[in-house]
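Visitor:
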Amino acid sequence: MLLRQSNGVRCSGPKCKHHLRLLPPRLVPPESSRLVPPTPAVKIALPPACLSARPPAPKLQVTTTTTVVGRAPFGVTNQAHGVESAHVRSTIAQFVSSTGKAEAWVGVHVHDDTKQGRLSIPQVSAIPYGPSSALLSAVKRRDASVYALFGGQGTNEVYFDELQTLYDIYKPYVSQFLTNVTRDILIPLVEESEEDTYYTHGLDVISWLTGASPRPPVSYLATIPISFPLIGLTQLTQYLVVCRVTQSTPGDLLSRLQGSTGHSQGLVSALCIAASMTSESFFENALKALKWLFYSGLRGQKAFPVLALEPTIVQDSVEGSEGAPSPMFVCVVTSPSRALYGLVTHLRKVRAPSGLDQSKTPFSQRKPVFSVRFLVVGVPYHSKYLADVADEVMDGLEGKELWSKEDLAIPVYHTENGSDLRSSKATDFPETATHAVDFGPGGLSGIGPLTSRNLEGRCVRVVIVGDRSKGPAELYDAQNIKTEQWWAKKFSPSGEDQIDMPFSRLLGKPPIMVARMTPTTVKAGFVSAVLDAGYHVELAGGGHYRAAALREKVAEIQSKTHAGVGITLIALFINPRQFGFQFLLWQEMHREGLPIEGFCVAAAGIPSTEKAAEIIDALRAAGIKHVLFKPGSVDGICQVVNIAAANPDFPIIMQWTGGRAGGHHSCEDFHQPILSTYGSIRQHSNLLLVGGSGFGGADDVWPYLTGDWSVEAFGAQPMPFDGFLFASRVMVAKEAHTSSSVKDLIVAASGVDDSKWEGTYSKKTGGILTVRSELGEPIREIATRAVKLWKEFDDTIFKLPKEKRTTWLNEHRAEVIAELNKDFAKPWFGWKDDSVVEDIADMTYEEVVLRMVRLIAGSTRRSGTRNLTGDWLRHVEECFAGINGGQKPSILQSYTSLDRPQAFIEKFFKTYPAATEQLLASEDKAYFLAILQRPSQKPAPSSPSSMQALRSGSRRYDSLWAAEDIDAVFDQDPQRVCILQGPVAVKHAKVKDEPIKEMLGNITSIFIDKLVDRFYAGDKSKIPTAEYLAPAPRALPAVIASAVAGNTATYVMGQSTPETLVRLETLVGPKLSWARALLTSTTIVQGTAYVDNHMRRLFAPHWSRRSARVPLHVVYKPAMGYVPIHKVADDCHTRIKAFYGDDEVLPEVDLRNRNSDFDLNLYAGHAVADTARAHDL
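All the letters of the sequence shown, read from the start, carry residue numbers -9 to 1167 under my numbering.
Written as structure tokens, this is what we have:
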């Protein structure tokens, strides 16, 4: 009937005089891969006589029967008019003839007034369909549960672009539908409305889409009378496209949906699709929906007409980034435009200006950060202003109800309360839901992203079909189904003897750790006690200034713990010199076999992604298995997330404390930063979230263990943490080196709840005050007299500009010195004849020594302060030994003489009487001040002896160290000490000298009891078992085929040998057992050292290797999941000799002792493979 011609199309029917006007077809080269929109087709109406003739046509022809490849979408079979081999590629107006030549063909719209013809596909030859959607197929298998979403007003400026895109891409699927609804409902409604002022451009949608009429301006399309029906039309067209592409009828697609809902006017579209089981009913319901939307928009606009505003108001609102004033803005607030503009101008005064840095401001005192924007909506829906409009809308519908509850095949949920409109029963979003499909409008600015945020962590993935970049690709993907995580199920704990959580699986220990505190976790005794109790702890690097000191500390910890316990060091990134040598030394020590397992980067923010990659690469190469970061803000958290994304194969622990912790911490709230970033954190399986600050018992940690905190306090999804750190709480432990009198003050502090801790910024709250440290950062401490004094200094001296401090100090010198001498751990040093002197240059050498002894009385037994005094005496001796008689033997032969200083000092100055009269020389003064400030010497006994030094150095009061050496404090008065402590955590410190094992063990035991009650109804027999805790086995590629017959397992590999780990994982299987530990552990323990697991080499496949039975002595310790295999090395060399049949007695030699003297003889003659095999034992 239709023949291709170079200049047009003619009808080949007999005696037919129909002449068709046709736009020139667009030719596409066959080698082109560019998608070209189809040339607009001509709608034609042909009499039956034209259909009777069927001359041979190369490709397109209209016939009296329909033969469709596969099955016709919607099952349309038009016996009057049809297409042979209907096959459309949605964006290509190109078809290939039987000769293989690329030719352009024209789609033909066969006009038909029957109901079936209203949804008929433009008849184009050979429409190819892709494979079925994997998501919709999963629904059929009940492996997925999908719901439909429809948006409302708010995207009025862009919705028509979506409709135009749908028409351009899927024209063969939607053009007939759009043509019919334009002709049958939209144009007649405009003609009947008699409201010319609202419809100046009409509603001829199909003409706008085809270009037959110019598209009206956005200002017209955005008006309520126009946007209301056309947004609904866009949504229904999107739904129709999904039906066409997935080869589904409306009933087929509806059967894949478990429910639908819509925001505001989107509820109408949700009702429409819920009542549509056939092609005919979909079209009829679409007409009903569009009619309701038309009258709702029209009557709403008439009830609330548009009023003009002064240009100055509009300009001010636009320049303020709020957009042109309208009766609605986000959140949703409705009122006349002028009134809302007044509200917006008030909100400008309240909100934080763009770019304002509030990081140093307490969280509760910060200005709120938010944006306000007017919606492009000209009528205040969802408000009392339209209370009477519903009756007017029904008048337009002639009082007819559009749908009854019996019409709805699936649940349709109410916009506001979530009730099923079929029963009016309120319900939550079903827990079985796995996906929601957003049918628009708005794309990434529509209802889908908002729903995704609201359901984040609930295992519901929102597919936004209006997002052309990835939405359709995901919905129509035939192979993959993307899913979301259910935070409460994936990250909640389980277990009995051991709590199974990501933190526990990584470290093989309970999800409680002790965080770095200087000096508490500098001491080997305390660190080893925590490790020996079975908990993770950070060795503080801040107290180690030399490589030798750090080596000695690790050796001491090893000597006090059982073999194989790993050690983690925290290094201060803020101190480049110290960080540099500690970072390199930590790697070197691991390579030497020392039990080094982790490294923490702390202080001064988070490294850049590039710098972090360098750190992680070095740690990975050394064999260290995890790294820790401690962000202090939302930006810091996001940076750690970026680091985790850039290093997906390396475990990263992120510690979050907020501002309520003791010591140096930010001003941030504990909860809000986690609420805003939790979703991004959980996108990375290698990133573990550890929370701290304010924790001290099982009951206060429990909501964070289960994730209930975010549900109960903020109405969000459960957000469990992976682990928890304790710091302030453990300072009163028995093994902590905190001085006894200082522990008493900690126990006496009452503490406060989370809601009140910010009171510490201005006054004593719960026994705690916040002051500024020498770094200018907030630091929280027990409100002793010393801390109160420094709070006073913060509000006076240190609040002044630097250039004004000298004048103030000079004016208040006597007052400041008196307060230091009365209340501070480091009194003013200058003292002469029972009176204060400002400068030590006014003191004699003897007076300096006597002042030193007085200030550190009782502390000379401590090697640091004793040696300080001894170094100064040696210097004095050097100054005076050559006077009157030349050089003399040193009186101070040993610093132990200063254990009882009074008698020695009397003898000393009798030998050097000139030192009792001579004032300090300038160079000796400089030397004295220098030795007072040696970094390895803690604590210094006094404040600097000049106002200039007070301005710059007296804040470096080393309060942390004084808390552990009360003997070094003047008069041993704990009220002179600055004691770090968190305002929330301190309320849990009620028992002094509780053993650390009991303190942490009691909390763990309570956790386990609560978990058994919550998840297993108190029945411990239901708890799953595992031999040890370790990261979950990875999914293995199918490269090894296995077959088991009796006690024999056969493994068949392909042409290439799989990597070693794949082979070993296949051998041992996924169950955590001794075999898995033996063959897959990267490290085993030999003696007290970490060594590579040579068993992996033993079980590697080799050609022509002879086998032999050799005794292998290892110990399997499932309680130490991080290193469960311990090699018995005591008689290793003896067993190797026995393997070779050598009876010679060997000397006992410590192979790891660098100072051992022995002869090493190498013998040739054994097979290399056998030698390697024996030594692998």
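A virtual CB, placed ideally from N, CA and C, is assigned to each residue, including glycine.
Identify which residue in Q908, L909, F870, L840 has its Cα closest to the Cα of A893.
Guide: Closest by alpha carbon: L840.
Visitor: Out of S700, Y119, S718, which has the shortest C-alpha to C-alpha gap to M507?
Guide: Of the candidates S700, Y119, S718, the one whose C-alpha sits nearest the C-alpha of M507 is S718.
Visitor: Check for me: the alpha helix (DSSP H) holding E771 runs from which residue to which?
Guide: Segment 768 to 772 is the beta strand (DSSP E) holding E771; no alpha helix (DSSP H) there.
Visitor: Could you give the residue range of the alpha helix (DSSP H) that holds E528?
Guide: From DSSP, E528 is part of no alpha helix (DSSP H) but of the beta strand (DSSP E) over 526 to 530.
Visitor: Tell me, please, which residues DSSP counts as bridged to L863.
Guide: DSSP, once it has assigned bridges, lists no residue as partnering L863.
Visitor: Which of the three DSSP states, helix, strand or coil, is assigned to V737?
Guide: It is helical.
Visitor: Could you say which of D823, W282, T728, V827 lies nearest to A952 if we only look at CA atoms?
Guide: Looking at the Cα atoms, T728 is the closest of the given residues.
Visitor: Would you check if the distance between the CB atom of G741 and the CB atom of V967 is smaller than 8 Å?
Guide: No, these two residues do not count as a Cβ contact at 8 Å.
Visitor: Judging by CA-CA distance, which residue of V827, I846, P708 is the nearest neighbour of P693?
Guide: Residue P708 is the option with its Cα nearest to P693.
Visitor: How many angstroms separate the CA atom of W646 from the CA atom of R762?
Guide: Spanning the two alpha carbons is a distance of roughly 21 Å.
Visitor: Considering only residues of the same chain and omitting the five flanking positions on each side of V591, which have a CB-CB separation below 6 Å?
Guide: If we look at V591 and ignore the five residues flanking it on each side, its Cβ neighbours are F563, F619.
Visitor: In the structure shown, what three-state DSSP assignment does L346 receive?
Guide: Here L346 sits in coil by DSSP.
Visitor: Can you give me the start and stop residues for the beta strand (DSSP E) that M384 sits inside?
Guide: Careful: M384 lies outside any beta strand (DSSP E), inside the alpha helix (DSSP H) at 379 to 386.
Visitor: Which full runs of the alpha helix (DSSP H) of 4+ residues lie inside the region 1033 to 1078, going along the chain?
Guide: Runs of the alpha helix (DSSP H) inside the region 1033 to 1078: 1050 to 1058, 1064 to 1070.
Visitor: Tell me, to the nearest whole angstrom, how far the beta carbon of P315 is from that of S307; I am working on the premise that it is less than 8 Å.
Guide: Going by Cβ atoms, the distance from P315 to S307 rounds to 5 Å, so yes, they are a contact pair.
Visitor: Compare the beta carbon distance of L365 and F319 with 8 Å and say whether it is the shorter of the two.
Guide: Against a cut-off of 8 Å, the Cβ pair of F319 and L365 comes out as a contact.
Visitor: Leaving out five residues before and five after D174 in sequence, what residues of the same chain have Cβ atoms less than 7 Å from its Cβ?
Guide: Result list for D174: L277, in chain order.
Visitor: Provide the residue(s) that pair with R762 in DSSP beta bridges, ordered along the chain.
Guide: Per DSSP, P768.
Visitor: Which residues in the same chain have their Cβ closer than 7 Å to the Cβ of E464, if we skip the five residues on either side of it in sequence?
Guide: Excluding sequence neighbours, E464 sits near V453, K472.
Visitor: Note down, in chain order, each residue of its chain lying with its Cβ closer than 7 Å to the Cβ of G583, except the 5 sequence neighbours on either side.
Guide: Only A1079, Y1080, V1081 meet the Cβ criterion.
Visitor: Using the Cα positions of I986 and S995, report the straight-line distance between them to the nearest angstrom.
Guide: Roughly 14 Å separates the two Cα atoms.
Visitor: Is DSSP giving F918 helix, strand or coil here?
Guide: Residue state, collapsed to three classes: helix.
Visitor: What is the DSSP secondary structure of D659, reduced to helix, strand or coil?
Guide: Note: D659 maps to coil in three-state DSSP.
Visitor: Does the distance from the CB of F360 to the CB of E658 come in under 8 Å?
Guide: No, the Cβ-Cβ distance between F360 and E658 is not below 8 Å.
Visitor: Decide if V512 is buried, meaning its Cβ has at least 16 other Cβ atoms within 10 Å, or exposed.
Guide: Flag for V512 reads buried.
Visitor: Just tell me which of T422, L280, Q923 has its CA closest to the CA of A134.
Guide: Ranking T422, L280, Q923 by Cα distance to A134 puts T422 first.
Visitor: For V58, name the three-state secondary structure that DSSP assigns.
Guide: Low per-residue confidence applies at V58: pLDDT is 30, beneath 50, and the placement is therefore not dependable enough to give any value.
Visitor: Just to check my reading of the structure: G498 and A1020 have Cβ atoms closer than 8 Å, yes? What is that Cβ distance to the nearest angstrom?
Guide: Yes, G498 and A1020 are in contact; Cβ-Cβ is about 7 Å, under 8 Å.
Visitor: Could you tell me whether the region 249 to 260 touches the region 336 to 348, using the rule of 3 or more Cβ pairs below 8 Å?
Guide: No, the region 249 to 260 does not touch the region 336 to 348.
Visitor: Label P215 either buried or exposed according to how many other C-beta atoms from any shown protein chain fall within 10 Å of its C-beta, with 16 as the threshold for buried.
Guide: It is buried - the Cβ of P215 has at least 16 other Cβ atoms within 10 Å.
Visitor: If we count Cβ pairs, one from each stretch, closer than 8 Å, do we get three or more for the region 196 to 209 versus the region 220 to 227?
Guide: No, they do not touch.
Visitor: For the region 659 to 678 against the region 951 to 965, do three or more pairs of beta-carbon atoms, one drawn from each stretch, fall closer than 8 Å, so that the two count as touching?
Guide: Touching, no.
Visitor: Given a threshold of 16 other Cβ atoms within 10 Å of its Cβ, counted over all protein chains shown, does T239 qualify as buried or as exposed?
Guide: Under this definition T239 is a buried residue.
Visitor: Among the residues of its own chain, which have a CB less than 7 Å from the CB of V1176, if the five just before and after it don't count?
Guide: Any property of residue 1176 remains undetermined from this structure, which presents the chain solely from -9 to 1167.
Visitor: For the alpha helix (DSSP H) holding M503, just list the boundary residues, first then last.
Guide: First-last for M503: 502 to 504, but that is the beta strand (DSSP E), not the alpha helix (DSSP H).
Visitor: My guess is that S250 and I400 are in contact by the Cβ rule of under 8 Å, so how many angstroms apart are they, rounded?
Guide: About 6 Å; that satisfies the 8 Å criterion.
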